[in-house]
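Participant: In the UniProt record's numbering, the protein residues as written are 1 to 95.
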Amino acid sequence: MNNKEFIAALANKTGRTQDETEKLVKTALQAMGDNFESGEPFLVSGFGAFEVKKRMERIMVNPGTGQRMLVPPKLVLGFRATQSVKEKLKKGGAE
Numbered sequence: 001m002n003n004k005e006f007i008a009a010l011a012n013k014t015g016r017t018q019d020e021t022e023k024l025v026k027t028a029l030q031a032m033g034d035n036f037e038s039g040e041p042f043l044v045s046g047f048g049a050f051e052v053k054k055r056m057e058r059i060m061v062n063p064g065t066g067q068r069m070l071v072p073p074k075l076v077l078g079f080r081a082t083q084s085v086k087e088k089l090k091k092g093g094a095e
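(1) Figure out for me which residue from Leu70, Lys13 and Phe42 has the closest Cα to the Cα of glutamate 55.
(2) Just reading off the alpha helix (DSSP H) that methionine 32 is part of, what are its end residues?
(3) Under a Cβ-count criterion, where at least 16 other Cβ atoms within 10 Å of its own Cβ denotes burial, should threonine 14 be classed as buried or exposed?
(4) Indicate the three-state DSSP secondary structure (helix, strand or coil) for lysine 54 in the structure shown.
(5) Exposed or buried, which one is threonine 65 when buried takes at least 16 other CB atoms within 10 Å?
(6) Apart from the five residues just before and just after alanine 11, which ones in its own chain have a Cβ nearer than 6 Å to its Cβ?
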C-alpha cells in the first residue's frame, strides 16, 4: 500500500475528506519525527513502540578485499510490536 492508497482508505474509514486526512497524517508523522529527534520512544497503544537506538562503533570486513574498516556509531530507528499484533501475524492476519 502506498501513501495515496493509505490516505484514501483512512479517509473512507473515518468519513473525512482526503485533504483533511492527508493533513492529519502529515501532522502525526511530523510529531513522531520531532519525538525521534528528542530521543524518546513513541508508543502507539495497541500497535507497538518506535524507539531510537544507538548502534555502537564496530569493525567491518569487506568480504571482497578482506580490508577492515571502522564503522562509526549511529542512531537507528527500531520498532517493537505489541503482543496482540505479534499474535495476529502468527495467525496469518486472520482474526
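Glycine included, every Cβ here is placed at the ideal spot set by N, Cα and C.
Facilitator: Put simply:
(1) Per the sequence presented here, residue 55 reads as arginine, with glutamate not at that position. The option with the nearest alpha carbon to arginine 55 is Leu70.
(2) 18-38
(3) exposed
(4) strand
(5) exposed
(6) Gln18 and Thr21
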